[in-house]
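In this note's numbering, the protein residues as written are 3 to 116. For every residue, glycine included, the Cβ atom is placed at its ideal position computed from N, Cα and C.
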Amino acid sequence: MRFHLTWSCLIWCMFLSVFVSVGNGQIVESCDSVIFCEGRILDTVARAHIFNDSIEFVKMSLKFDAEVVIEHFDDLPGAPGNISKETLRKFVDDNFEEPSQAFEDWNPSDWVEK
3 MRFHLTWSCL IWCMFLSVFV SVGNGQIVES CDSVIFCEGR ILDTVARAHI
53 FNDSIEFVKM SLKFDAEVVI EHFDDLPGAP GNISKETLRK FVDDNFEEPS
103 QAFEDWNPSD WVEK
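Here you go:
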């Protein structure tokens, strides 16, 4: 029974994490990126284990629009699953900023200096 409750809770939490409720009552997806949330690029990079930490890739930002990055990925030699680690690493280096450069200065609209 304990395992069943824990498992049920985990599944429910995973389901809820897909959606985030916002103040005006709308429900929006928690992640809407075709590159960092789902898709062939995320799957290929994750399966290739080209990073020491799997979170490193999703902390990167795009150097180009998502559509351009997807085109660059589609132009790689070898079908997804047959792309060499070296080729994939070069693709990532050419199309994504390093994680340390991925963050931009941002001030929330409701920020009040004290």
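Inset, instruction - Below 6 Å CB to CB, which residues in the same chain sit around residue 75 once its five sequence neighbours on both sides are set aside? - result: 43
Legend entry - Sequence-distant residues of the same chain with beta carbon closer than 7 Å to residue 60, five excluded per side: 38
Inset, instruction - Name the residue from 107, 90 and 33 whose alpha carbon lies nearest to the alpha carbon of residue 71. - result: 90
Inset, instruction - Could you tell me the distance, in whole angstroms, from the CA atom of residue 80 to the CA atom of residue 87? - result: 11 Å
Legend entry - Collapsed DSSP secondary structure at residue 64 in the structure displayed: strand
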